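If you're matching positions, the sequence shown starts at 1 in the UniProt record's numbering and goes up one per residue.
We treat Cβ as the ideally placed atom computed from N, Cα and C, and that holds for glycine.
Since the model is a prediction, treat every value here as computed from it, not as a measurement.
Take a look at the structure below.
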Amino acid sequence: MKILLVEDDEGTAEVLKNTLTKQHYVVELAMDGQAGLSLVEVFTYDLILLDIMLPKLDGLNFCRKLRDRGDSTSVLLLTALDSSTTKVIGLDAGADDYVVKPFDTNELLARIRALLRRGTPAVSSVIEVGNIKLDSGSCRVTCDGQLLHLTAKEYAIIEMLMRNSHRMYSQKQLLDYLWSSEEIPSENTVRAHIKALRQKLKKAGADRSIETVYGLGYRLRLGEEVKHAQATVPQTTVEQPELHMSSAQAGIWERFKPKYSAHVSVLENAITTLGAGKLTEELRQKAQQEAHLLIGSLASFGFAEASRLARAIEQIFGAGVKQSQDVEHLCKLIVALREELERPVAIKPPA
1 MKILLVEDDE GTAEVLKNTL TKQHYVVELA MDGQAGLSLV EVFTYDLILL
51 DIMLPKLDGL NFCRKLRDRG DSTSVLLLTA LDSSTTKVIG LDAGADDYVV
101 KPFDTNELLA RIRALLRRGT PAVSSVIEVG NIKLDSGSCR VTCDGQLLHL
151 TAKEYAIIEM LMRNSHRMYS QKQLLDYLWS SEEIPSENTV RAHIKALRQK
201 LKKAGADRSI ETVYGLGYRL RLGEEVKHAQ ATVPQTTVEQ PELHMSSAQA
251 GIWERFKPKY SAHVSVLENA ITTLGAGKLT EELRQKAQQE AHLLIGSLAS
301 FGFAEASRLA RAIEQIFGAG VKQSQDVEHL CKLIVALREE LERPVAIKPP
351 A
């Protein structure tokens with residue numbers, strides 16, 4: 001499955017891309033709305049994950065332009081604006097669903113799976129062909145109960161062939177569906193992955209194999225009908241997210257932490273200026289924008305409390321500050337926010 005992610009915050013974008021890639025989605029990234037719309041004009045996507053607050057073309061107008069063209073690609077909005085009005089406007093603009101930042105990763109992935117199931121007849125998370133079993137919920141492929149250790153691309157290929165057993169896929173189609181434009185693979189790349197996948201299936205004793213129909217493409221050689229098992233929802237243990245990250249996520253955080261610290265510095269400057277009675281309308285709006293950005297960005301890294309503090313700061317600047325009580329409250333909030341960002345990060349052991 002191919003997803004277009006349109007998100008202007010680099011840290012949030014990298015965390016989301018990393019998360020989705022681990023779920024074996026092919027992810028294309030655009031850093032502004034206009035760039036995202038340009039990609040849609042050239043490539044086909046199964047789903048668009050779209051932030052509302054974007055440069056050049058915001059998410060709502062992106063949706064309107066997409067629907068005006070007759071494009072029915074599913075759109076999932078990401079928004080830090082937790083109001084019913086914003087949600088209604090987003091849905092009316094053509095979005096299919098929305099997730100409010102900060103969001104739970106498992107909920108986001110569940111909503112993505114739900115949207116990808118739309119328009120397809122009763123797609124199950126578990127599918128069997130012969131003695132090969134694929135569970136998309138856990139991203140596992142087994143043969144007679146034996147786990148096959150597949151690469152991300154090998155998994156994507158076997159899933160596509162098993163789910164669409166009546167179809168044949170050319171090398172070009174596999175490239176378009178399973179590789180992003182950034183990867184720039186060749187048809188030799190497809191052949192290499194098919195060869196490796198065949199060897200793993202054979203070694204595991206699979207009674208089905210990938211057939212090459214010369215001049216046409218690849219298909220899964222079938223014997224009996226494909227059997228769809230009832231989808232089961234995997235039980236997930238949710239950890240406290242504030243200070244626990246995967247090793248990959250922690251590495252991204254260390255690279256982008258100075259950037260987010262700079263955003264906090266802008267807020268500190270605005271609060272100091274406010275205390276001196278010199279806050280301009282321009283600086284007030286800037287502070288509101290910086291706080292808004294931090295809400296979703298910090299939540300993406302698991303800093304739930306920091307995200308909550310940023311939202312409280314945004315609301316005060318957005319409502320128009322009242323000199324005395326708001327300054328005192330903002331001072332407490334910004335100190336707490338800075339302390340949250342300076343707390344050490346614990347690395348979660350691999351699952």
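Just how far apart, CA to CA, sit residue i and residue j?
i, j, result
"Lys-87", "Glu-281", "27 angstroms"
"Ala-122", "Tyr-177", "With a pLDDT of only 46 at Ala-122, under the threshold of 50, the placement of this residue in the model should not be trusted, and no figure is reported."
"residue 352", "Lys-278", "In the structure as shown, the chain starts at 1 and stops at 351, and residue 352 therefore has no counterpart that could be examined."
"Gly-275", "Lys-332", "13 angstroms"
"Ser-261", "Gln-249", "17 angstroms"
"Val-129", "Arg-208", "8 angstroms"
"Arg-219", "Leu-175", "15 angstroms"
"Lys-56", "Gly-33", "6 angstroms"
"Leu-115", "Asp-96", "8 angstroms"
"Ile-194", "Glu-154", "7 angstroms"
"Glu-41", "Leu-47", "14 angstroms"
Are the beta-carbon atoms belonging to residue i and residue j less than 9 angstroms from one another?
i, j, result
"Leu-4", "Leu-39", "yes"
"residue 355", "Lys-200", "This structure cannot settle anything about residue 355, because the visible part of the chain is limited to 1 through 351."
"Ile-252", "Asn-18", "yes"
"Met-53", "Leu-293", "yes"
"Leu-267", "Ala-299", "no"
"Cys-143", "Asn-131", "yes"
"Ile-316", "Ser-307", "no"
"residue 381", "His-24", "Residue 381 is absent from the structure shown; the chain starts at 1 and stops at 351."
"Asp-71", "Gly-59", "no"
"Cys-63", "Ala-110", "no"
"Leu-66", "Leu-37", "yes"
"Glu-14", "Phe-256", "yes"
Please classify residue i as buried or exposed, where buried requires at least 16 other C-beta atoms within 10 Å of its C-beta.
i, result
"Ile-347", "exposed"
"Ile-334", "buried"
"Gln-146", "exposed"
"Thr-12", "buried"
"Phe-43", "exposed"
"Ala-192", "exposed"
"Thr-79", "buried"
"Pro-258", "exposed"
"Glu-254", "exposed"
"Ser-297", "buried"
The alpha helix (DSSP H) that contains residue i, what's its start and end?
i, result
"Asp-176", "171-178"
"Leu-279", "Careful: Leu-279 lies outside any alpha helix (DSSP H) and carries neither H nor E."
"Leu-267", "247-275"
"Thr-105", "105-117"
"Lys-153", "152-163"
If I follow the unbroken beta strand (DSSP E) through residue i, where does it start and stop?
i, result
"Glu-128", "126-129"
"Gly-217", "217-220"
"Arg-140", "140-143"
"Glu-211", "210-213"
"Asp-97", "97-100"
* Give, in chain order, every unbroken run of the alpha helix (DSSP H) that is at least 4 residues long and sits entirely within the stretch 10-90. => Segments of the alpha helix (DSSP H) lying fully in the stretch 10-90: 10-22, 33-42, 59-68.
* To do: Could I get the ranges of all uninterrupted alpha helix (DSSP H) runs contained in the stretch 290-351, with 4 residues as the minimum, in chain order?
  => Note on the stretch 290-351: whole alpha helix (DSSP H) runs with a minimum of 4 residues are 304-319, 323-342, in chain order.
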